[in-house]
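**Student:**
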RNA sequence: UGGGGGAUAGUUUAGUGGUAGAACUACGGAUUCUGACUCCGUCAGCCUAGGUUCGAAUCCUGGUCCCCCAGCCA
């Protein structure tokens, strides 16, 4: 591995290195800033991995900090789920912090702002606040409460905090500039009143809660964060971020740096849309393997290594082509999983759509065992024994009565190799009254034991098989992309772009016996088919596999192009 | 309408004044007891118009197109 070409550093690396070089900072600390109001998806994981990478590359640390400043949206359940996902990804966080643990410090700063004449309690209704904010190209109007006395502001804020006023009746605002071109600077709201529900950590101790802008920079500062990395839609919040830190005269102010967000083709990423998929039952929950959430991807069989590789290959930039970022082709993600699983996972034979084969010249009652390689990419994985007998199952796709051009699997009178076993020739086709194919009568070549003919003749195809009397039945869920449109919603409602074939469950699959005791989450390559893992719905009665991703399939392409 | 940001093959991404390079995709081929893996090859790009320069993706000027912002969400 001497010739591995390191990825060039990102623009963030460049900026951080500069800060270190010119003495703005002497070390690096970043933070993962999730709001515990939902499950993490692949887009979050990228943001997190960027934070991790920057910290690691500069010998710094990364914290996990929950931005739990809005009790109406946040729950303990998500706090736990997020920590699980972070752990699963393998991110080693230095500290787990909660914005809510620092409400008092933030409140003290608000009091300081009032004393400085930089903050005031506004009694306007939400509607008035909104109207008086003005619009693009039109300045806002100063609130009639803007020039209240320090004493009155202090008193009012104290009573807001204690819960003397109803929700929505007042807010604390910074006094900046109602005519500013940047909307965020038009007297932003610092605190709003929220009585219900209780906060997941502070209970009913507070009746006011800080807004994102008011909390973010100060939290970063008090936790010693040097570089506050976030996505690009926060770029025009940066002036406000800096304004608070400067106005409060906070030493060693952290630096916010923004990067473009990650979107995927054939996927939706917004929390709103994902929630709709769940709530309207288009998928079976947040961990449905078709979802882009990390728990879903885990269940589907994606590995942290594959996700990390993917994020790495995508890189970091500020490019913006769509919804605040860049839209990466899912096929890159799929390529990354295949790469990882190919190296690590054992091979097995599994017949998804069984077609019965009787080998007429094979002795009834006889059973042989063949040795099969577990992983050609990893000799240390060794071999296993696979039983063979007179009645087998092969894949329906591996036989064609009227083969199209370029089809070189089994055909009437044709010969193929049964992987690791014998050459097999199809002699007769058996059908039911309505003409459906139900069975193949075949013969084998006893002189091809192990897979090579004594006379040296070749076959064009090798197919997988399972001995009928030894087979383990199972269900297999074939997952495909959730949407059939690379850019869901590009022509109307994204629900209309749902792929009707995103899940197909097969109930009559036949697996080689070594799979009988496969454990939940264990992954395998079913040869010639794809990568599959044991689903958590499995029990001692029934094995259920999820297809993580197919193998690349040249034949499928030929068929798609009309060749088959 | 005001503010902020972005533009290099189909998709991502390097390149920071000196021959535009990579990955994924697509296509073709070699190999193969997985139509997999591996290997080789092909197609394909600097948003645009000027300027500076011996030389511009890179510097300057003017356009064009795309994204984000008017929550008491984050």
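In the numbering used here, the protein residues as written are 33 to 596. Cβ coordinates follow ideal geometry from the N, Cα and C atoms, glycine included. Remember, it's a predicted structure, so these values are computed and weren't measured experimentally.
#1: What is the rounded straight-line gap between the Cα of residue 48 and the Cα of residue 380?
#2: Report buried or exposed for residue 251, applying the criterion of at least 16 other Cβ atoms within 10 angstroms of its Cβ.
#3: Please check the pair residue 613 and residue 108, which I expect to be a contact at CB under 8 Å, by giving their CB distance rounded to whole angstroms.
#4: Express the C-alpha separation of residue 388 and residue 471 in angstroms, rounding to a whole number.
#5: Within 10 angstroms of its Cβ, does residue 523 collect 16 or more other Cβ (buried), or is it exposed?
#6: So what's residue 235 in DSSP terms, helix, strand or just coil?
#7: Using a 10 Å radius around the Cβ and a threshold of 16 neighbouring Cβ atoms, would you call residue 33 buried or exposed?
#8: State the Cα-Cα distance for the pair residue 485 and residue 586, rounded to the nearest angstrom.
#9: Could you give the distance in angstroms between the alpha-carbon of residue 229 and the alpha-carbon of residue 238?
#10: Can you check whether the CB of residue 175 is closer than 8 Å to the CB of residue 164?
#11: Going straight from the alpha carbon of residue 162 to that of residue 112, what length do you get?
#12: Buried or exposed: which applies to residue 549, given that a residue is buried once 16 or more other Cβ atoms fall within 10 Å of its Cβ?
#13: If contact is defined by three or more beta carbon pairs under 8 Å, each pair taking one atom from either stretch, is the stretch 517-534 in contact with the stretch 472-484?
#14: For residue 391, list the residues DSSP reports as bridge partners.
#15: Is it buried or exposed for residue 489, if we count other Cβ within 10 angstroms and need 16 for buried?
#16: Distance check for residue 60 and residue 51, CA to CA, integer angstroms please.
#17: Might you give, ordered along the chain, the residues of its own chain that have their beta carbon closer than 6 Å to the beta carbon of residue 334, omitting 5 neighbours on each side?
#18: What number of angstroms, rounded off, separates the C-alpha of residue 149 from the C-alpha of residue 75?
#19: Measure from the alpha carbon of residue 225 to the alpha carbon of each residue in 123, 101, 203, then state which is nearest.
#20: Can residue 297 and residue 359 be called in contact, C-beta distance under 8 Å?
#21: In terms of DSSP beta bridges, what is residue 497 paired with?
#22: Put residue 248 into one of helix, strand or coil per three-state DSSP.
#23: Have a look at the DSSP bridge pairing and note the partners of residue 447.
#24: Return the chain-ordered list of same chain residues with a C-beta closer than 7 Å to the C-beta of residue 589, the five sequence neighbours on each side being excluded.
#25: What does the Cβ neighbour count give for residue 438, buried or exposed, with the cut at 16 atoms within 10 Å?
#26: If I'm right that residue 398 touches residue 422 with Cβ under 8 Å, what's the distance once you round it to whole angstroms?
#27: Would the stretch 532-540 and the stretch 490-510 be scored as touching if the rule is three or more Cβ pairs under 8 Å?
#28: Does the Cβ-Cβ distance between residue 146 and residue 182 come in under 8 Å?
#29: Give me the Cβ distance between residue 293 and residue 355, rounded to the nearest whole Å; I'm assuming they're in contact under 8 Å.
#30: Does residue 35 pass the burial test, meaning 16 or more other C-beta atoms within 10 Å, or should it be called exposed?
#31: Whose CA, out of 200, 425, 128, lies closest to the CA of residue 545?
#32: Terminal residues of the continuous beta strand (DSSP E) containing residue 62?
#33: Starting from the C-beta of residue 491, find all residues in its chain whose C-beta is less than 7 Å away, skip the five residues before and the five after it, and write them out in chain order.
#34: Just how far apart, CA to CA, sit residue 563 and residue 578?
#35: Can you tell me whether DSSP reads residue 128 as helix, strand or coil?
**Tutor:** In short, the structure shows the following:
#1: 48 Å
#2: buried
#3: Since the displayed the chain opens at 33 and closes at 596, residue 613 lies outside it and no answer follows.
#4: 5 Å
#5: exposed
#6: strand
#7: Bear in mind that a pLDDT of 31 at residue 33, under 50, signals an unreliable position, so the model cannot answer this.
#8: 26 Å
#9: 11 Å
#10: yes
#11: 36 Å
#12: exposed
#13: no
#14: 474
#15: exposed
#16: 10 Å
#17: 369
#18: 41 Å
#19: 203
#20: yes
#21: 426
#22: helix
#23: 457
#24: none
#25: exposed
#26: 7 Å
#27: yes
#28: yes
#29: 7 Å
#30: Note on residue 35: pLDDT 37, under 50, position unreliable in the model; no value is reported.
#31: 425
#32: 61-64
#33: 447, 448, 449, 455
#34: 8 Å
#35: strand
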